Every structure is written in C-alpha cells, then in structure tokens.
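Residue numbers (my numbering), protein chains in the order written: chain R, 30 to 184; chain V, 30 to 184; chain Y, 30 to 184; chain H, 30 to 184. All residues carry an ideal CB built from backbone N, CA and C; glycine is no exception. Quick caveat, the model's predicted, so the values are computed rather than measured. Worksheet for the structure shown next.
Number of protein chains: 4
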Amino acid sequence: MGFPRYYFATPPEGPLPLTADIARRVRFEEVDALNMVWHGRYPSYFEDGRIAFGEKHGLSYQLFKAHGVMAPIVQMHVDYHGPLRFNDTVRIEATLYWNDALRLDFDYKIIDSRQQLVTSGYTVQLLTDLHGDLLLIPPEWFQEFKNKWCQGHLG
Amino acid sequence: MGFPRYYFATPPEGPLPLTADIARRVRFEEVDALNMVWHGRYPSYFEDGRIAFGEKHGLSYQLFKAHGVMAPIVQMHVDYHGPLRFNDTVRIEATLYWNDALRLDFDYKIIDSRQQLVTSGYTVQLLTDLHGDLLLIPPEWFQEFKNKWCQGHLG
Amino acid sequence: MGFPRYYFATPPEGPLPLTADIARRVRFEEVDALNMVWHGRYPSYFEDGRIAFGEKHGLSYQLFKAHGVMAPIVQMHVDYHGPLRFNDTVRIEATLYWNDALRLDFDYKIIDSRQQLVTSGYTVQLLTDLHGDLLLIPPEWFQEFKNKWCQGHLG
Amino acid sequence: MGFPRYYFATPPEGPLPLTADIARRVRFEEVDALNMVWHGRYPSYFEDGRIAFGEKHGLSYQLFKAHGVMAPIVQMHVDYHGPLRFNDTVRIEATLYWNDALRLDFDYKIIDSRQQLVTSGYTVQLLTDLHGDLLLIPPEWFQEFKNKWCQGHLG
C-alpha cells in the first residue's frame with residue numbers, strides 16, 4: 030500500500046501514457062454481507078475509467094461499433110489494497126500505455142476520498158472484427174488516434 | 030404469507046395454466062449488507078423460471094430469436110413475503126396463464142426448502158418485431174404453441 | 030404512454046408528496062443481447078432515486094442503521110414504457126406519498142433526455158427491527174421526519 | 030489456447046493441489062450487446078468453483094464465519110481465451126495450491142461443452158479477523174484442514 034503499481038512500461042520510442050478519470054459512488058447493492066464491495070464488482074469500476082478515457086481522447090465504444098471493430102478483453106488483473114464501503118466516493122483513473130501492436134494496455138487506479146490507493150489493476154484488449162478474428166492491419170481511424178498521440182495532440 | 034397469490038385468471042373458454050419449475054441456490058454475491066438477498070435480484074429468479082418454462086413447453090428464447098420476434102417485459106410485479114439467505118436452495122415456479130391477446134402472462138412463486146412461499150410475482154410480455162413494433166398477427170409457430178395448449182398436448 | 034402514472038394517493042388529511050431526483054447514465058454492462066437495458070436492472074435505478082430522496086429529505090440508510098431499523102421492500106412494481114440504450118442519460122424521480130401507517134410508499138419515474146417517461150413504478154417498505162419484526166410504535170426520529178413533513182418544513 | 034495455464038507451483042515439501050468442480054449455465058442477463066458474456070461476470074464463475082471446493086474439502090464460508098475469520102481476495106487475475114454465449118454449459122474447476130503462509134492460492138479453469146479451455150485465472154486470499162487485520166497464527170480448524178491435506182486425507 031502507498032506505492033502505486035505500474036503494470037506496463039512505455040517502449041523506448043513510444044509517447045507517454047494518456048490518462049482520464051471519473052468519480053463514482055458505491056451503491057448499497059454493491060456491498061456484500063461483510064459490509065465491503067464484493068470483489069467481483071471492480072471490473073465495472075475499471076470500465077467506467079475506460080469509458081471516460083474513450084470520451085476524453087476520442088476512442089469511444091461507438092467509434093469501434095461504427096467501424097465493425099470489437100476490442101475484447103483478453104486479460105484482466107486486480108490488486109485489492111483495501112475495502113470500499115457503501116456510499117464511499119472514489120476516483121477511477123484509467124491510463125493507456127503505448128503498445129506498438131494492435132492492442133490496448135490500460136492501467137487502473139481507484140483512489141478513495143482520503144487519497145489512498147484502494148485498488149489497482151490492468152486490462153489487455155485486442156482488436157478483432159465482428160467474427161472475433163484478430164485485425165492484422167490497423168484501421169485508419171485507429172492509426173489516426175495513434176498518430177495524434179505520438180504528435181502530442183492528446184492528453 | 031401462507032396463501033399463494035394468483036395474479037391472473039383463465040378466461041371462460043381458455044385452457045388451464047401451464048407450469049414449470051427449477052431449483053436455484055443463493056450465491057454469496059446476491060446477499061446484501063443486511064444478510065438477505067437484495068430485493069433487486071429477484072427478476073433473475075423469475076427469469077430462471079421463464080427459461081425453464083420455455084424449455085419444457087417449447088417456447089424458448091432461441092425460437093423467438095430465430096423468427097425475429099422479441100417478447101419485452103412491459104410489466105413486472107414482486108411481492109416479498111420473507112427473506113432469502115446465502116446458500117438457501119429454492120424452487121422457482123413459473124406459470125403461464127392463457128390470454129387471447131398476443132401477450133404472455135407469467136405468474137411466479139419462489140418456495141424455500143421448508144415449503145414456505147417466500148416470493149410471488151408476475152410479468153407481462155408483449156410480442157414485437159425487431160424494431161419494437163407490436164405484432165398484430167400471431168406468428169405461425171406461436172399459434173401452433175397455443176393450439177397444442179388448447180388441445181391439451183402440453184403440460 | 031405519455032401519461033405519467035400515479036400509483037398512490039394522498040389521504041384527505043395528509044401532506045402533499047415529497048420528491049427528489051438524480052441523473053444516471055446507462056452502462057455497457059446493463060445492456061442485453063437485444064441492445065436494451067435488461068428489465069431486471071431497474072430496481073437499481075429506483076434505488077438511486079430512493080437514496081437521493083433520503084439525502085435530500087433527511088431519511089438516509091445510515092439513519093435507519095444507526096437506530097437498528099430496517100425498511101425491507103415488501104412490494105415492487107415496474108411498468109416499462111420504452112427501452113433504454115447504452116449511454117442514455119436519464120433522470121430518476123422518487124416521490125414519497127404520505128401513509129398514516131409505518132410504511133414508505135415510493136413512486137418512481139424514469140425520464141429520458143427527450144423528456145419521455147420510459148419507466149414508472151412503485152415500492153412499498155415496512156419498518157422492522159433487526160430481527161425482521163414489524164415495528165408497532167414509530168421511532169422518535171421517524172416521527173420527527175413525519176412532523177416536519179406535515180408542517181411543510183420539507184420539500 | 031489448448032495449453033492449460035498453471036499460475037501457482039507446489040513448493041518442494043508441499044502436498045499436491047486439491048481440486049473441485051461444478052457446472053454452470055450462462056444466463057441471458059450475463060450476455061452483453063456483443064452476444065458474449067461480459068468480461069466482468071467471470072469473478073462469479075470463479076466464486077462458484079471456490080464454493081464447490083469449500084463444500085467438497087471442508088473449508089466453507091460458514092466455517093470461516095463461525096470462527097470470525099474472513100478471507101478477502103487481495104489479487105485476482107483472468108485470462109480470456111474465448112467467448113461464452115447464452116445457454117452455454119461450462120464446467121468450472123477450482124484448484125487449491127499449497128502455500129506455507131496463511132493464504133489461499135486458487136487456480137481456476139472454465140471448460141466449455143466441447144472440452145475447450147475458455148477461461149483461466151487465479152485468486153489470492155489472506156486470512157484476517159473481523160477488523161481486517163491479518164492473522165499471524167493459524168486458527169486450529171484451519172491447521173487441521175492443512176494437516177489432513179498433508180496426510181493425504183483430502184482429495
């Protein structure tokens with residue numbers, strides 16, 4: 030605790046990571062019989078961060094859908110540093126690390142109102158067509174996003 | 030409590046209701062900070078009953094999908110007679126009442142291992158096309174289901 | 030559709046209903062294979078309205094807990110007038126109607142960004158102690174809330 | 030794919046891992062707008078495996094509760110090898126690896142009806158008292174479980 034975890038690293042020539050964040054308040058229904066948020070609800074928190082990222086940096090779900098591209102999560106990891114309680118308000122940070130391949134490497138931090146890191150984690154997404162087959166060539170709109178990122182026009 | 034509730038009635042010329050049931054055990058994640066199943070999880074229990082009904086009597090979700098028909102729920106009602114706890118095993122009964130119109134009137138009962146009625150309720154579904162527009166004429170496969178029911182070939 | 034539904038009525042001598050509202054945006058995970066919010070997720074929307082009401086009018090979950098009182102939902106009803114889609118932003122209105130008995134009669138409306146009523150419903154809650162036994166005498170803090178309501182000091 | 034993943038290893042003197050499994054069928058509500066089980070629902074699948082393990086090998090949630098011990102999950106990892114669809118029936122395998130410390134190292138596999146490994150993952154749990162403080166000395170009932178395991182009386 031106290032040490033933020035970094036799961037991904039930027040490759041030598043890559044641009045710095047991009048970040049977005051959003052607030053969320055714990056609902057009664059999310060809390061289990063032990064009075065803490067059930068561990069299985071955190072993917073929803075990470076997804077809030079990912080959605081906020083997409084809106085801030087122009088990489089929304091709607092854009093993927095419009096182009097017939099899916100970005101299924103192939104790996105998810107969560108480290109629980111402390112519990113969340115009913116009515117707690119947290120800040121969810123989603124950070125995208127550069128990857129030369131056609132994949133999205135998101136790192137997450139959940140920070141409570143006392144500025145403690147309560148949860149961290151990451152997800153890996155691959156880009157596929159609507160049949161679930163991996164894309165081999167970056168779609169134009171995706172390459173454009175990466176170009177803007179490289180040129181420092183995002184963030 | 031102790032008195033099962035009947036929400037629908039069979040019209041004079043209609044056939045008797047059809048029933049199916051299925052068992053379910055309460056998961057840890059369904060239980061709230063007050064150690065009982067959160068009230069908002071019961072639609073999932075009712076749906077288990079509806080799915081079991083569809084499989085027993087030949088009115089499955091897959092059949093609707095194959096014919097481009099949806100059956101959205103337009104009304105849901107739940108009466109909570111007592112709490113459910115972690116690990117309780119219950120029996121969910123779904124009963125379809127005859128309705129001359131293009132709608133599905135399901136009645137539900139959830140019965141615990143001591144044969145107590147802990148929850149009852151109902152849903153109303155209408156038949157629509159994939160645009161959400163109400164069907165005016167019964168699809169052939171649906172009429173066939175109703176014919177079998179009338180002739181006593183189901184149940 | 031188009032006509033808001035009123036499920037409860039104020040008795041002759043009772044004060045007018047009290048209202049609170051809150052915004053909510055549809056998450057990806059709430060949407061089903063038919064691209065609409067699954068009908069079973071609406072209790073969560075109603076609960077958001079109830080929580081907002083408690084905070085605005087001084088009848089919070091924490092207050093109940095501090096006094097060892099539960100308010101289990103014994104009846105829930107939902108009328109679905111139209112679908113909700115991913116990313117829709119809605120307003121949830123929770124309205125408490127006066128009841129002379131020790132119960133809470135909440136009426137709900139969910140209104141989309143085009144001011145259409147997409148969902149309405151109600152819940153009934155009874156007041157119990159921590160064993161689940163009905164309270165026969167109103168707790169002081171609850172009577173105080175009702176007095177303020179009668180005297181027009183809320184709303 | 031095709032190669033099961035092993036996340037934990039048995040230490041030199043430790044007994045072989047213990048396994049339990051359970052079947053589960055995908056519910057309609059678990060499937061997202063892309064017609065596959067939403068990635069955030071898999072913690073529930075893993076928990077089913079863990080509960081089945083506890084019942085088979087005598088390490089149930091009720092036992093922990095009776096002794097005032099919690100076993101919060103401090104780490105969770107999921108690898109998604111392929112999608113799950115509505116109505117799929119899967120087998121969930123939970124395997125506990127020996128660890129000299131007061132922790133539970135569970136490895137999970139989800140296997141579909143064609144015997145394909147669709148998901149794998151692991152969780153790490155620590156033992157705490159009801160205040161969330163780590164246990165330093167193994168409770169008697171827990172040591173007994175470990176003794177039986179060492180002596181080959183489980184599995």
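query, result
"Answer with yes or no whether the minimum CB distance from residue 73 of chain R to chain H is below 9 Å.", "yes"
"So residue 102 of chain Y contacts chain V; which residues on that side make the cut at Cβ distance below 8 Å?", "68 and 109"
"Residues of chain R with CB under 8 Å from residue 76 of chain V, in chain order?", "Within 8 Å Cβ-Cβ: nothing; residue 76 of chain V doesn't reach chain R, min ~17 Å."
"Using only the alpha-carbon positions, how far apart do residue 127 of chain V and residue 161 of chain V sit?", "23 Å"
"What does residue 57 of chain V touch in chain H if you count any residue whose Cβ is under 8 Å from its own?", "76, 80 and 90"
"Counting along the chain, where does the alpha helix (DSSP H) carrying residue 81 of chain H start and finish?", "71–86"
"According to DSSP, is residue 160 of chain H helix, strand or coil?", "coil"
"Using only alpha-carbon positions, find the residue among V:99, V:91, V:176 and V:140 that is nearest to residue 115 of chain H.", "V:91"
"Rounded to whole angstroms, what is the Cα-Cα separation between residue 183 of chain H and residue 69 of chain Y?", "41 Å"
"Once you ignore the five residues that flank residue 54 of chain V on each side, which residues in its own chain have a CB closer than 6 Å to its CB?", "118"
"Hey, residue 101 of chain H and residue 155 of chain H: beta-carbon distance below 9 Å or not?", "yes"
"With distance defined between alpha-carbon atoms, name the residue in Y:166, Y:89 and Y:144 nearest to residue 57 of chain R.", "Y:89"
"With a cut-off of 8 Å, do at least 3 Cβ pairs link the stretch 60–69 of chain H to the stretch 69–83 of chain R?", "yes"
"Where do the N-terminal and C-terminal ends of the alpha helix (DSSP H) with residue 154 of chain V fall, by residue?", "Element bounds for residue 154 of chain V: not the alpha helix (DSSP H) but the beta strand (DSSP E), 146–155."
"Report yes if the CB atom of residue 50 of chain Y is closer than 9 Å to the CB atom of residue 122 of chain Y, and no otherwise.", "yes"
"Quick one: measure Cβ to Cβ for residue 178 of chain Y and residue 40 of chain Y, integer angstroms, because I've assumed they're closer than 8 Å.", "The pair is not a contact, with the Cβ atoms about 13 Å apart (cut-off 8 Å)."
"Residue 185 of chain H: which of H:180, H:52, H:135 and H:145 sits nearest, CA to CA?", "Any question about residue 185 of chain H goes unanswered here, given that chain H covers just 30 to 184."
"Looking only at its own chain, which residues have a Cβ that is under 6 Å from the Cβ of residue 32 of chain H, when we skip the five neighbours before and after it?", "Per-residue confidence for residue 32 of chain H stands at a pLDDT of 48, beneath the threshold of 50, marking its modelled position as unreliable; the derived number appears in the next sentence. Closer than 6 Å at Cβ, skipping near neighbours: no residue."
"Please list the terminal residues of the continuous alpha helix (DSSP H) segment that includes residue 100 of chain V.", "Looking at the DSSP string, residue 100 of chain V is not in any alpha helix (DSSP H), and its letter there is neither H nor E."
"Do you know how far the Cα of residue 94 of chain R is from the Cα of residue 99 of chain Y?", "45 Å"
"If you follow the alpha helix (DSSP H) that residue 171 of chain R is in, where does it begin and where does it stop?", "169–179"
"Identify the continuous beta strand (DSSP E) that holds residue 126 of chain Y and give its terminal residues.", "118–126"
"Run through DSSP, which three-state label would residue 36 of chain Y get?", "coil"
"In terms of residues, what are the limits of the beta strand (DSSP E) holding residue 62 of chain R?", "Neither: residue 62 of chain R is in no beta strand (DSSP E) and is coded neither H nor E."
"Nearest to residue 137 of chain V by CA position, among V:113, V:147 and V:168, is which residue?", "V:147"
"Please list the partners that residue 112 of chain H has in chain R, where partner means a Cβ-to-Cβ separation under 8 Å.", "101 and 161"
"Using a Cβ-Cβ distance cut-off of 9 Å, determine whether residue 60 of chain V contacts chain R.", "yes"
"What's the call for residue 109 of chain V, buried or exposed, on a 16-neighbour Cβ count within 10 Å?", "buried"
"If you compare alpha carbons, which of V:149, V:96, V:36 and V:87 is closest to residue 157 of chain V?", "V:96"
"Would you mind working out which of H:48, H:64 and H:144 sits nearest residue 82 of chain H, comparing C-alpha positions?", "H:48"
"Closer than 6 Å by C-beta to residue 215 of chain Y: which residues in its own chain qualify, once you throw out the five before and the five after it? Chain order, please.", "With chain Y covering 30 to 184 only, the question about residue 215 of chain Y has no answer from this structure."
"Along the beta strand (DSSP E) that carries residue 50 of chain H, what are the first and last residues, could you check?", "47–54"
"CA-CA distance, residue 86 of chain V and residue 125 of chain V?", "10 Å"
"Within 10 Å of its beta-carbon, does residue 173 of chain H have 16 or more other beta-carbons around it, so buried, or fewer, so exposed?", "exposed"
"Could you pull the start and end residues of the beta strand (DSSP E) that residue 140 of chain H belongs to?", "132–140"
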